[in-house]
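Numbered according to mature numbering (1 follows the signal peptide of the UniProt record, and there is no 0), the sequence shown spans residues -22 to -1, 1 to 124. No residue lacks a Cβ here, since even glycine has one placed at the ideal position from N, Cα and C. Notes to accompany the following structure.
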Amino acid sequence: MRTWLKAAAVSTALLAALPAAAADKVSNLVTLLTAAEAQTQLMAMVLTMESVQQGASAHILLCGPAADMALKQAPDSATAPQKPKGMSPQGLMKMIMDKGGTVEVCAIYLPNRESDASVLIDGVTPAKPGEMAARLLAADTRLLSF
């Protein structure tokens, strides 16, 4: 009888914890992309889009060579279609933006290119480090880094 009571108490405690676990669901995704390789860039966008389709709010931060994806005159590697679905990293990034995702380039990207925001595709802006740090530290945020 004692064993049964202990098992019942443990089961009750576990069931009581379920709503709290559901409340801790991650609802925000930050994708940090620095990789220069087109396949890595596209896979980062694929996983970000899948997360958006599953209900996450997406924010993409492009740094280093990956930030070239955000240029109006992006390199061919960012715009060339890839197998199996004929998508490009920049094309899928734009689709994520159309679904409400935000895209920023690292704050130091444009100054080191000796450029300004006019070279970026519509909707992409330079990141504000303080805001990005707060976003990264938020309890309901998951980070993907490529």
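Could you compute how far the alpha carbon of residue i sits from the alpha carbon of residue j?
i	j	result
L7	L122	7 Å
S19	M47	According to the sequence provided, residue 19 is Gln. The question's Ser does not apply to it. So the two alpha carbons sit approximately 9 Å from each other.
P91	K63	The amino acid occupying residue 91 in the given sequence is Arg; Pro does not appear at that position. For R91 and K63, the distance between alpha carbons rounds to 32 Å.
E28	S35	11 Å
D118	V4	5 Å
M65	E15	15 Å
Y87	M21	22 Å
L12	G42	According to the sequence shown, residue 12 is Thr rather than Leu. Near 5 Å, if we compare the C-alpha coordinates of G42 and T12.
D94	G101	14 Å
L98	M71	13 Å
A58	F124	19 Å
H37	G69	16 Å
P89	G33	35 Å
Decide if residue i is buried, meaning its Cβ has at least 16 other Cβ atoms within 10 Å, or exposed.
i	result
G79	buried
K50	exposed
A116	exposed
K106	exposed
T9	buried
A111	exposed
S55	buried
Give me the residue from the options with the minimum Cα distance to residue i.
i	options	result
K77	M21, Q31, F124 and V4	Q31
Q60	L114, T12, L40 and V24	V24
P67	A45, S93 and M110	A45
T26	G108, P89, C84 and I74	I74
Measure the CB-CB distance between residue i and residue j and report whether it falls below 9 Å.
i	j	result
L39	E82	yes
C84	P53	no
Indicate whether at least one CB of chain D lies closer than 9 Å to the CB of residue i.
i	result
G79	Looking for chain D here will not work: only one protein chain is present.
Entirely enclosed alpha helix (DSSP H) segments - the segment 100 to 124, minimum 4 residues
107 to 115
Runs of beta strand (DSSP E) wholly within the segment 1 to 68 (minimum 3 residues, chain order)
6 to 11 and 35 to 40
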